[in-house]
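The sequence shown begins at 2 in my numbering and counts up one residue at a time. The C-beta atom is built at its ideal place from N, Cα and C for all residues, glycine as well.
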Amino acid sequence: MHTARTFDVLVLGGGNAALCAAITAREAGASVLMLESAPVAFRGGNSRHTRNMRTMHEGPLEPLTESYPEEEYWQDLLKVTGGLTDETLARMTIRRTERHVPWMKAHGVRFQAPLGGTLHLSRTNAFFLGGGKALVNAYFRSAAALGVEVAYETEVVDLALDGDRLSSVTVQCRGARHEIRAKAVVVAAGGFESNLAWLREAWGPPADNFIVRGTPYNMGKVLKLLLAQGAKQVSDPTQGHCVAIDARSPRYDGGIVTRVDAVSLGIVVNRDAQRFYDEGEDFWPKRYAIWGRLVAGQPDQIGYSIIDAKSMGKFMPPVFPPEKAQTVRELAGKLGLDPAALEKTIGEFNAAVRPGTFDHTVQDDCRTEGIAPAKTHWARALDTPPFYAYPLRPGITFTYLGVAIDERARMILADGKPAANVWAAGEIMAGNILGKGYLAGIGMAIGTTFGRIAGEEAARHVRG
């Protein structure tokens with residue numbers, strides 16, 4: 002353990018934001034130590050499970066198509082957050098994404114050709130070749146080549162925040178405690194979504210039915226210590242990136258493949274075989290992140306996405322096969338639902354569908370009339386066997402409770418002033434920009450933008 006020397010910059014965390022900060026600070030001449038609580042095989046936090054970054058571009062920017070201007074990106078974010086966002090920090094995130102792609106390539110990240118199909122993302126989101134695991138490995142290679150030191154399986158257990166300055170960090174590594182000193186500290190240690198007790202504190206008993214899509218190592222210890230010692234809080238413990246995932250997923254670390262993308266193509270019912278929300282409200286990358294909270298609000302936190310044969314092949318298949326039946330009644334039996342209730346719900350839905358031209362690549366004119374909730378786009382009668390269903394549970398990706406920052410990524414204290422030597426990046430400060438809701442690929446945009454800013458500013462502080 003590197004306790005004898007004082008590092009210029011200490012980075013708490015090992016995901017995308019932490020790596021961007023460490024690499025940037027090291028390139029600026031600072032000595033850097035990263036603390037990663039996970040073992041090597043699980044390094045990278047939730048960034049291991051990412052696939053893409055939402056990226057502004059005014060014209061062609063390989064690997065993206067067409068253009069995605071700042072104002073459109075901002076309006077997309079405004080819509081999903083319902084205005085619960087800091088516009089200055091949000092626009093900084095957006096503007097800088099255009100510059101990230103060449104920087105990422107220079108540090109070993111490779112991108113894949115644009116995706117077609119129902120995700121509608123070829124214009125807006127740059128996909129990493131090999132996904133988040135490949136991105137994280139590329140950054141760790143780049144960091145090692147630069148001389149960044151990394152301590153794995155090293156957990157922060159205490160912080161000494163004296164006034165506006167963080168003087169030391171106490172860690173536990175292989176059963177022993179060590180105190181580490183640094184001139185500047187970047188906190189990029191994620192949210193608290195893996196901490197089931199904290200989730201239950203925030204949500205009550207429904208949290209017992211939540212599944213954690215991401216890393217089991219985001220216990221929120223650094224966040225809890227910072228908030229207890231005077232960091233200014235943003236967002237609240239019930240806000241987060243919570244999507245509807247397959248109910249058969251593992252409790253932790255199932256990642257992206259557990260998501261169910263069939264929702265907008267059919268109907269979703271609860272335990273009582275009742276629909277409860279408009280499945281066709283908007284394109285999936287803008288609306289998928291609301292469905293975790295919607296399912297969390299249903300009895301027993303369970304839902305069922307139901308489609309018929311017409312929709313198979315029109316969405317990204319999840320890792321688990323659907324339940325399949327030749328009749329609605331048989332499907333209800335397999336799901337443990339009341340057959341008469343499900344037949345009634347589907348019968349009423351089918352009767353409410355109005356003729357239109359189905360086209361999942363646009364907000365089409367296929368809708369319902371005279372039924373609540375309405376389905377406003379992509380409404381087609383469920384009438385072509387076999388019928389399919391995916392059971393749904395709320396899947397927590399990351400929580401938004403975090404620390405406030407300013408435009409220089411400096412952590413703000415409860416008195417409104419910035420800390421003298423603490424910067425924050427990634428999920429631990431994402432609540433400044435994501436008050437609620439989510440936009441596909443924006444987590445990586447936030448982490449990359451503020452990781453690079455934090456690394457730059459921390460190194461500048463050290464140089465004096």
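Identify which residue in the options has its Cα closest to the Cα of residue i.
i, options, result
"L34", "P340, A198, A189", "A189"
"D416", "G231, K437, R381", "G231"
"A114", "E72, S236, L65, K80", "L65"
"R92", "E72, L167, N138, I454", "E72"
"V102", "S143, T56, A145", "T56"
"I429", "R6, G15, T7, D9", "G15"
"E501", "R175, Y140, A146", "What is shown of the chain runs 2 to 465, which leaves residue 501 out entirely."
"G452", "L11, G60, R6, A23", "A23"
"H193", "E370, R100, V354, Y401", "It is Phe, not His, that sits at residue 193 in the sequence shown. Ranking E370, R100, V354, Y401 by Cα distance to F193 puts Y401 first."
"G442", "Q173, R27, H50, C21", "H50"
"D365", "N433, G281, A333", "G281"
"R249", "K222, Q240, P238, R214", "R214"
"P319", "G255, V329, T358, C367", "G255"
"P387", "A152, I397, S312", "S312"
"F43", "H58, G371, E154", "E154"
"V109", "R96, L116, V137", "First, the amino acid is wrong: residue 109 is Gly here, not Val. Looking at the Cα atoms, V137 is the closest of the given residues."
"M445", "E99, D87, S32", "E99"
"A135", "E67, R201, N53, H121", "N53"
"R288", "L36, D273, V264", "V264"
"S32", "V363, A145, W75", "A145"
"P374", "Q327, R276, D283, R330", "R276"
"G46", "I434, G427, G465", "G427"
"L336", "T362, S306, V363", "S306"
Mind checking whether residue i and residue j have CB atoms under 7 Å apart?
i, j, result
"H242", "F399", "yes"
"I308", "Y389", "yes"
"D165", "A421", "yes"
"S38", "Y218", "yes"
"W424", "A459", "yes"
"P395", "Q302", "yes"
"T94", "I406", "no"
"G304", "N271", "yes"
"R260", "V244", "yes"
"V186", "L167", "yes"
"A183", "L11", "yes"
"G456", "T7", "no"
"L20", "Y140", "yes"
"V463", "D9", "yes"
"E67", "R124", "yes"
"F316", "H121", "no"
"L13", "V223", "yes"
"I413", "K225", "no"
"A326", "A274", "no"
"R111", "L130", "yes"
Since residue i contacts residue j with CB under 8 Å, what's their CB separation in whole angstroms?
i, j, result
"D279", "T377", "6 Å"
"D159", "T171", "4 Å"
"P466", "Y391", "With the chain running from 2 to 465 in the structure shown, residue 466 is simply not present."
"V404", "A382", "Contact flag wrong, Cβ pair sits at about 50 Å."
"P340", "G334", "6 Å"
"A203", "P238", "4 Å"
"L90", "E408", "7 Å"
"T358", "N17", "Not confirmed; about 41 Å, so no contact."
"L393", "I246", "7 Å"
"G148", "R27", "6 Å"
"S195", "I181", "Rounded, the Cβ-Cβ distance is 23 Å, inconsistent with contact."
Just checking, does the region 78-85 make contact with the region 426-439 on the three C-beta pairs under 8 Å criterion? Pairwise C-beta distances place the region 78-85 in contact with the region 426-439, as three or more of them are shorter than 8 Å.
Any chance you could list the beta strand (DSSP E) runs of at least 3 consecutive residues sitting entirely within the region 27-90, in chain order? Correct list: 33-36, 53-55.
I'd like the ranges of any beta strand (DSSP E) spanning at least 3 consecutive residues and lying wholly in the region 378-436. Fully enclosed beta strand (DSSP E) runs of 3 or longer: 388-400, 411-413, 419-425.
Suppose only complete runs of 3+ residues qualify. What are the beta strand (DSSP E) ranges in the region 265-343, listed by chain order? Counting only runs of 3 or more, we get 268-271, 304-309, 324-326.
Start-end ranges of the alpha helix (DSSP H) lying completely within the region 167-213, minimum 4 residues: Those alpha helix (DSSP H) runs which fall completely within the region 167-213 and span 4+ residues are 197-204.
What runs of the alpha helix (DSSP H), each 4 residues or longer, lie entirely inside the region 217-252? The alpha helix (DSSP H) runs of length 4 or more contained entirely in the region 217-252 are, from start to end of the chain, 222-229.
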